[in-house]
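To start, the structure itself, in structure tokens.
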Amino acid sequence: MKNAKLPRTRPSVFSSTNNHSNPLVSSNQIFLPKPLEYNESLSYRSTVTWSTSLSSTLQQYINSDTPFGGQSIHTRIIKSGFIPNTNISIKLLILYLKCGALNYARQMFDELPQRTLSAYNYMISGNLRHGLVQESLGFVRRLVLSGERPDGYTFSMILKASTSCRSNVVLLPRRLGRMVHAQIVKCDVEPDDVLYTALVDSYVKNGMVGYARTVFDMMLEKNVVCSTSMISGYMSQGFVEDAEEIFSKTMEKDIVVYNAMIEGYSKSIETAKKALEVYVDMQRFNFLPNISTFASVIGACSVLAEFEFGQQVQSQLMKTELFKNVKMGSALVDMYAKCGRIEDAQRVFDHMPEKNVFTWTSMIDGYGKNGNPDEALELFLRMQECHVQPNYVTFLGALSACGHAGLVAKGHEIFESMERDYSMKPKMEHYACMVDLLGRAGSLEQALKFIQQIPGKPNSDVWAALLSSSRLHEDVEMANIAANEIFKLNANDRPGAYVSLSNTLAAAGKWNNVSELREGMKLRGILKDTGYSWVGRDS
DNA sequence: CTAGGGTTAG
51 MKNAKLPRTR
61 PSVFSSTNNH
71 SNPLVSSNQI
81 FLPKPLEYNE
91 SLSYRSTVTW
101 STSLSSTLQQ
111 YINSDTPFGG
121 QSIHTRIIKS
131 GFIPNTNISI
141 KLLILYLKCG
151 ALNYARQMFD
161 ELPQRTLSAY
171 NYMISGNLRH
181 GLVQESLGFV
191 RRLVLSGERP
201 DGYTFSMILK
211 ASTSCRSNVV
221 LLPRRLGRMV
231 HAQIVKCDVE
241 PDDVLYTALV
251 DSYVKNGMVG
261 YARTVFDMML
271 EKNVVCSTSM
281 ISGYMSQGFV
291 EDAEEIFSKT
301 MEKDIVVYNA
311 MIEGYSKSIE
321 TAKKALEVYV
331 DMQRFNFLPN
341 ISTFASVIGA
351 CSVLAEFEFG
361 QQVQSQLMKT
371 ELFKNVKMGS
381 ALVDMYAKCG
391 RIEDAQRVFD
401 HMPEKNVFTW
411 TSMIDGYGKN
421 GNPDEALELF
431 LRMQECHVQP
441 NYVTFLGALS
451 ACGHAGLVAK
461 GHEIFESMER
471 DYSMKPKMEH
481 YACMVDLLGR
491 AGSLEQALKF
501 IQQIPGKPNS
511 DVWAALLSSS
521 RLHEDVEMAN
531 IAANEIFKLN
541 ANDRPGAYVS
551 LSNTLAAAGK
561 WNNVSELREG
571 MKLRGILKDT
581 GYSWVGRDS
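Plus 50 on top of the position in the first sequence (first one is 1) and you've got our numbering.
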């Protein structure tokens, strides 16, 4: 297969799709000039004319919104036996990239007489834009091996590739960002705004806001794009005031930067009210909310349980075409459910033309949390009847519904069906849910036994579930076991475990033990005399 | 040919 040549006459790249029925495509083909017919007997001069004509026709297809029709030009070239020059080959390559016909683009690339830096960059960009990160990085590799030196375009795409994928695709992206940064310096590439922004974003996406800020400060003029990255970075680390400072200094605001603020604010209950303010504010400046705006502001309403504001947002959403969107519907269902407005959630749910696993999960979880676990489990069944595959969050919702209803046997059944029927390996969260289920029902011994048979090391969530059940049932001995396991595990969870344990002791009237515990915690440095401070910045 | 934003749990 590796050495397979292009067919003399190609099958349509889009034979599987319906593009020929797209009226835009056909009308486009009428308006575009047809290249001259190639004739073997034409003079050299005519050949040049034909090439020029082909080249400009291809360019028009590339520039159009409907590049698909351009493939017919390639077919005609092949049929005529004409050997296209490099210019035309590159244009065909760009055309195929734009169409998403990446295998054809690759073949055009491989057949080029010489591969220039820009040809590499086209391949890197095209593959990246169609989500093929591995392929894209493969061309980076080939570029480096060819001895050609990458330029600013290449570097910004490498950074984008490393941030647009999950860590297992590129090894250690956290370090990769640093390495690329070093290579940029080494290759003597003078970064422009775009490359600076890509660097800022790469540091931001890896949680290194300190480095991001350093690069950000190196830019003489901060544009709205890099400010947005910086804002998202600060927001994701909880540095709200730093984000606000950048936002206030951003002169030419656009919808994306507004959305970044709304999204950042919506993450915590303390700031979510500001998310609503920005949402109102941006509309005063005539920015119409788009799909991201709606998603974030609906999220803010969920956090605040502000269903009345949510209703207004919904009515604005209804005026757009976005109300049909599954993500929007799911966000609304979730919002109403989180606000305790389960009948509103159900109404949105019923009117949705299309539902996905997110929609079902939100609804199931909503019923579970609003004191109707039976309905939750009923929905869980109906979802499976509708052939929607539950995911691991759905199982958490179903299991916690069982926990709230005290349906221990049912919980076990669902837990077992997870692996048996869906080949999904339970995660620690599911084990924690089961411990909660058993513990809540008062079977603390059984919960402990369950923990002991968990494959792998139980984390502090699992022990915390046992601890809170112990507290619920005032089982001091079990609370001690659970809290001690947490003390051994995660420093961040110690204060919480301490509070829970000392409450259990207090509830059982064991005041001596409470003060003993307090002294012991101080000695071990888990409890400080003054308040806690575990807020730290990176770098 | 290069840069920024969006749904589900605890």
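Glycine included, C-beta positions come from ideal geometry on N, C-alpha and C.
Could you please give the first and the last residue of the uninterrupted alpha helix (DSSP H) stretch that includes E463?
Taking the first residue of the first sequence as 1, we reach residue 463 at position 413. Start and end: 458 to 472.
F159: buried (16+ other C-beta within 10 angstroms of its C-beta) or exposed?
As a first step, residue 159 must be located in the first sequence, where it is residue number 109. Classification for F159: buried.
Would you kindly work out how many angstroms separate the C-alpha atoms of L551 and N530, rounded to a whole number?
Within the first sequence, residue 551 is the residue found at index 501, counting from 1. Within the first sequence, residue 530 is the residue found at index 480, counting from 1. Their Cα atoms are separated by approximately 7 Å.
Cβ neighbours of R574 in the same chain (closer than 6 Å, five flanking residues each side left out):
Start at 1 with the first residue of the first sequence, and residue 574 comes out as number 524. Sequence-distant Cβ neighbours of R574 in its own chain, meaning closer than 6 Å and more than five residues away, do not exist here.
Hey, G456 and A482 are a contact pair by Cβ (cut 8 Å); roughly how many whole angstroms apart?
Here residue 456 refers to the residue found at position 406 of the first sequence. Here residue 482 refers to the residue found at position 432 of the first sequence. No, G456 and A482 are not in contact; Cβ-Cβ is about 18 Å, not under 8 Å.
When the Cα of Y329 is compared with those of F344, L142, C436, which residue comes out closest?
Position 279 of the first sequence, counting from 1, holds the residue named residue 329. Nearest option by C-alpha distance: F344.
Just verifying my parser: in three-state terms, what is the DSSP assignment at P7?
The chain is shown from 51 up to 589; residue 7 falls before or after that span and cannot be answered.
What's the gap between the Cα of E463 and the Cα of L195?
The residue labelled residue 463 in the question sits at position 413 within the first sequence. The residue labelled residue 195 in the question sits at position 145 within the first sequence. Looking at the two C-alpha atoms, the distance is approximately 55 Å.
Could you tell me if Q364 is buried or exposed, where buried requires 16 or more neighbouring beta carbons within 10 angstroms of its beta carbon?
On the first sequence, residue 364 is found 314 positions in, with the first residue counted as 1. Q364 is buried by the Cβ-count criterion.
According to DSSP, is N273 part of a helix, a strand, or is it coil?
Position 223 of the first sequence, counted from the first residue, corresponds to residue 273. N273: coil per DSSP, three-state reduction.
Count the CB pairs spanning the stretch 202 to 211 and the stretch 244 to 256 that are closer than 8 Å, and state whether there are at least three.
yes
Determine the extent of the alpha helix (DSSP H) in which T554 is found, giving its start and end residues.
Counting from 1 along the first sequence, the entry for residue 554 is found at position 504. First-last of the alpha helix (DSSP H) with T554: 544 to 557.
Contact under 9 Å by Cβ, Y308 with I296
Sequence index remark: in the first sequence, residue 308 carries index 258 (1-based). Sequence index remark: in the first sequence, residue 296 carries index 246 (1-based). Cβ atoms of Y308 and I296: not closer than 9 Å.
Going by other Cβ atoms of all chains shown within 10 Å of its Cβ, with 16 needed for buried, is K272 buried or exposed?
Your numbering for residue 272 matches position 222 in the first sequence. So K272 ends up on the buried side.
Rounded to the nearest angstrom, what separates K538 and H523 at their Cα positions?
Here residue 538 is taken as the residue at index 488 of the first sequence, counted from 1. Here residue 523 is taken as the residue at index 473 of the first sequence, counted from 1. K538 and H523: Cα-Cα distance of roughly 23 Å.
K388, buried or exposed, once every other Cβ within 10 Å from all chains shown has been counted against 16:
If you number the first sequence from 1, residue 388 lands on position 338. Answer is buried; the Cβ neighbour count reaches 16.
Quick check: L367 and D415, are their CB atoms within less than 9 Å of each other?
If you number the first sequence from 1, residue 367 lands on position 317. If you number the first sequence from 1, residue 415 lands on position 365. At the C-beta level, L367 and D415 stay beyond 9 Å of one another.
Tell me whether D115 sits in a helix, a strand or coil according to DSSP, three-state version.
In the first sequence, the residue the question calls residue 115 occupies position 65. Looking at D115 - three-state DSSP - the assignment turns out to be coil, as it is neither helix nor strand.
Taking the alpha-carbon of I598 as reference, which of L494, D511, L104 has the nearest alpha-carbon?
The question about residue 598 has no answer here: the residues shown for the chain are numbered 51 through 589.
What three-state label does DSSP hand M258 in the structure shown?
Along the first sequence, read from residue 1 onward, the residue named residue 258 stands at position 208. Assigned with DSSP and collapsed to three states, M258 falls in coil, not helix or strand.
Between which two residues does the alpha helix (DSSP H) containing Q157 stretch?
By 1-based counting over the first sequence, the position of residue 157 is 107. Run containing Q157: 152 to 161, per the alpha helix (DSSP H) assignment.
When you compare the CB positions of L488 and M528, do they come within less than 9 Å of one another, or not?
Within the first sequence, numbered from 1, the residue matching residue 488 stands at position 438. Within the first sequence, numbered from 1, the residue matching residue 528 stands at position 478. For L488 and M528, no; Cβs fall outside 9 Å.
Assigned exposure category for P476 - 16 Cβ within 10 Å defines buried
Stepping through the first sequence from its first residue, residue 476 is reached at position 426. Buried is the call here.
To the nearest angstrom, report how far apart G461 and G421 are at their CA atoms.
Residue numbering aside, residue 461 sits at position 411 when the first sequence is read from its first letter. Residue numbering aside, residue 421 sits at position 371 when the first sequence is read from its first letter. Rounded to whole angstroms, G461 to G421 spans 16 Å at the Cα level.
Extract the residue ranges of the beta strand (DSSP E) inside the stretch 482 to 545, only unbroken runs of 3 or more that lie entirely within it.
none
When DSSP labels each residue in this structure, what does R574 get in the three-state scheme?
Within the first sequence, numbered from 1, the residue matching residue 574 stands at position 524. Coil at R574, not helix or strand.
Simplified DSSP state of H427, which is helix, strand or coil:
As a position in the first sequence, residue 427 is number 377, starting the count at 1. Note that residue 427 is Leu in the sequence shown here, rather than His. It is helical.
R126 - containing alpha helix (DSSP H), residue span
Taking the first residue of the first sequence as position 1, residue 126 is located at position 76. Segment 121 to 130, the alpha helix (DSSP H) holding R126.
Relative to the alpha-carbon of Q233, which residue among S346, L209, D243, T213 has its alpha-carbon at the smallest distance?
To locate residue 233, count along the first sequence from 1; it is residue 183. Nearest of S346, L209, D243, T213 to Q233, Cα basis: L209.
Over what stretch of residues does the alpha helix (DSSP H) that includes M311 continue unbroken?
Reading the first sequence from its first residue, position 261 is the one you call residue 311. Element bounds for M311: 305 to 315.
Express the C-alpha separation of C452 and S510 in angstroms, rounding to a whole number.
Sequence index remark: in the first sequence, residue 510 carries index 460 (1-based). Sequence index remark: in the first sequence, residue 452 carries index 402 (1-based). Going from the Cα of S510 to the Cα of C452 covers about 22 Å.
Within a Cβ cutoff of 8 Å, which residues of the same chain sit near S316, ignoring the five residues on either side of it in sequence?
Here residue 316 refers to the residue found at position 266 when the first sequence is read from its first residue. A322, A325, S346, V347, G349, A350, V353.
Are L193 and I174 touching if we call contact CB-CB under 9 Å?
Residue numbering aside, residue 193 sits at position 143 when the first sequence is read from its first letter. Residue numbering aside, residue 174 sits at position 124 when the first sequence is read from its first letter. Yes. Within cutoff.
Alpha helix (DSSP H) runs contained entirely in the stretch 333 to 384, provided each spans 4 or more residues
341 to 354, 357 to 368
Cβ pair G360, T409 closer than 9 Å:
Stepping through the first sequence from its first residue, residue 360 is reached at position 310. Stepping through the first sequence from its first residue, residue 409 is reached at position 359. No, Cβ-Cβ distance for G360 and T409 is not below 9 Å.
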